[in-house]
Each structure stands twice: as C-alpha cells, then as structure tokens.
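Each residue of the sequence shown is one higher than the one before, starting from 21 at the first, in the numbering used here. Ideal placement from N, C-alpha and C gives every residue a C-beta, glycine not left out. One structure below.
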Amino acid sequence: MQSSRARNNWIIDAILFTGFILLFFVDLTGVELHQWLGIAGIILALYHLLEHWDWVLAVSQRFFGRTTWKARLYYLVDAALLLGFAAILVSGLAISTWLSPSFENLPAWIDFHITTSIITLLILLVKIVIHWRWIVKTARGLIPRPATPTTTRPPLRPLAAPIDNNRRDFLKLMGFVGAAAVLAMLNVASSTGESEGVKTFTQSLNRGAATTGQATTQDTSGQSRSSSSTCISRCPKGRSCSYPGHCRQYTDANQNGRCDLGECV
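Following this line, the structure appears as structure tokens:
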C-alpha cells in the first residue's frame, strides 16, 4: 500500500514535467500564458523542494562524510535542476513583457533563457532515468485494479520464458518522456534557427518606436491615399508572428500581440 505522500509527490512531479514541456511551445500558449505558467511552475517546484527539505539538509550535512554514492548523485542532480530553474526564472523575468525590456543585450538574454531551458530539460531527463522504478511503481498504484475472482487452480503447466518487465517498463517510460522532450526542443530549434535575427533584434526594437510615431503622423495629417488591395509587410518571410517570433526580430510597439514587421505598411 502506497502512502498518500508518495502519490502526491508523483502527481506534483507529473504536473511539473507536463508544464515544463508546455513552456517550450510559446506559439501554442501565447507569451502571457507562457509567463504565468512559468511563475506557477517555479512556485510548484519550490513546494516540491520544501516537501523534501529534511532530506536536503541530511544529505548536505553528510555529503562529504558517511553517505551513499546514490544519495550524492541524487543531490547533485537536484542541485543542478535548482540552478537551472533559477537561471530560467531570472532570464525569463528579464525578457518578459512585464518589465518591457529595452537593454542592448536583449538577444543574448533570450539565447541564455533558451539554452538554460534546454539544458535543464536534459537534466530533468537524467533525474527521470535514475528514479524510473519509483515512477513506474507509483503510477501503477494510482490505477485501481479490479478484484481478481476466486477460481479453481488450473493444472500445472511448464513455465514459459520469463518476461523482462523492468526493461519493458523502462522503455515505455523513457519513450514517452523522451519523445515529449525531443518535440519540445525541436520546436524551440525551429523557432530560433535564424542567427541573423539576433544581430538585428535590438535594432528592430528601436525602429518600433520610430515607426509608430511615423504612423501616427500619417494618420493625423489628413492626407487621403488610395488603399492597396495587397498587404505589404516588412517581414522577409511574410509572417505575422506572436512573441517571440520565428526569427527573433520581434517588435510590438503598438502592443497588439503581433510582430510589427508582419503588419501592413
């Protein structure tokens, strides 16, 4: 019989992993939900840390003393995860729309945020690997099993070749979480592949204010111009992206949730 604490820890871990994977799909969630999901994930991770604080203190005191190599491995992986989440939080807040970032090294912060997210995801996969037996065992306990009916014992038969259930369970678990992680990283890679966008990201932000001022002047000048039936945009790829965009030249001076480069001029 599994304890309620083990079941609660499993559910929290499952929510954290699912939410972390979802954060890699900004085009799906939108930037506002992405930011709030990130904050919620950090709060849930801190709660998870507090739930295991006694273990953290015990291993910290005996890390260089009498403790097992397995405890040291778990401790180091958890410490790496903590540093990764801290780096994601700091860089995420720095580039968030809440703070309206305008510093010159903004593209570097975006690269740092993406890189630390991918590294932290890889560390999380390592943690799943070393805890896979507990994950599978607890997951089975969450599913109620039907009562087995009492039947007469069948005649004895020769035993069949034993099935390696441990190997099969491991492959199922890692196949599922591995596929989710690969899809998440491929989505980020496809959205940030153009390196030239990093060089012009800050320039696009600076152009946004000037473009808005020119557009306002043109609207209030009273000059009548014939509208063209074809929309002409400044985006070289002809897209109209939401934050952070596909080429990292995103700028949204009019704050309508779409890149200014993809709007009609």
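Checklist entry - Could you give the distance in angstroms between the alpha-carbon of A65 and the alpha-carbon of L109? => result 12 Å
Item to check | CA-to-CA distance, E71 to N28, given in whole angstroms | outcome: 10 Å
Checklist entry - Among T38, G39, V46, R25, which has the Cα closest to the Cα of V208? => result V46
Next on the checklist: Assuming W118 is part of the alpha helix (DSSP H), what are its boundary residues?
Outcome noted: No alpha helix (DSSP H) holds W118; DSSP gives it neither H nor E.
Next on the checklist: Tell me the residue span of the alpha helix (DSSP H) that contains A78.
Outcome noted: 73-81
Checklist entry - Which value, in whole angstroms, describes the spacing of the CA atoms of I138 and A201? => result 9 Å
Checklist entry - Between S247 and C284, what straight-line distance do the alpha-carbon atoms span, to the nearest angstrom? => result For S247, the pLDDT reaches just 41, beneath the cut-off of 50, and the residue's location in the model is therefore unreliable, although a value from the coordinates is still provided. Spanning the two alpha carbons is a distance of roughly 11 Å.
Checklist entry - So, helix, strand or coil for S224, using DSSP? => result Annotation note: pLDDT 36 at S224 (below 50); position unreliable, no value reported.
Next on the checklist: Could you tell me the alpha carbon to alpha carbon distance between T135 and S120, rounded to whole angstroms?
Outcome noted: 21 Å
Next on the checklist: If you follow the alpha helix (DSSP H) that G282 is in, where does it begin and where does it stop?
Outcome noted: Per DSSP, G282 belongs to no alpha helix (DSSP H) and is neither H nor E.
Checklist entry - V79 and Y95 look like a contact to me (Cβ under 8 Å); what is the Cβ gap, rounded to whole Å? => result 5 Å
Checklist entry - In three-state terms, what does DSSP make of L43? => result coil
Checklist entry - In this structure, does DSSP put S262 in helix, strand or coil? => result coil
Next on the checklist: Assuming contact is defined by CB atoms lying nearer than 9 Å, are L103 and L69 in contact in what I supplied?
Outcome noted: no
Checklist entry - In chain order, what residues of the same chain lie with their CB nearer than 8 Å to the CB of G112, ignoring the 5 residues before and after it? => result Q55, G58, H133
Checklist entry - Where does I108 fall in DSSP's three states? => result helix
Item to check | Where the alpha helix (DSSP H) containing R160 begins and where it ends | outcome: 152-162
Checklist entry - If G50 and S262 are in contact, beta carbons under 8 Å, what's the gap, nearest whole angstrom? => result 6 Å
Checklist entry - Which word fits A204, buried or exposed, when buried means at least 16 other C-beta atoms lie within 10 angstroms of its C-beta? => result buried
Item to check | W30 beta carbon less than 9 Å from that of A114 | outcome: no
Checklist entry - Nearest-angstrom Cα distance between G39 and H151? => result 19 Å
Item to check | Three-state secondary structure (DSSP) of G50 | outcome: coil
Next on the checklist: Assuming L93 and G61 are in contact, meaning their beta carbons sit under 8 Å apart, how far apart are those beta carbons, in whole angstroms?
Outcome noted: Their Cβ separation, rounded to whole angstroms, is 24 Å, which puts L93 and G61 out of contact at 8 Å.
Checklist entry - Is DSSP giving T38 helix, strand or coil here? => result helix
Checklist entry - Can you tell which of A91, W154, A273 has its C-alpha closest to the C-alpha of D189? => result W154
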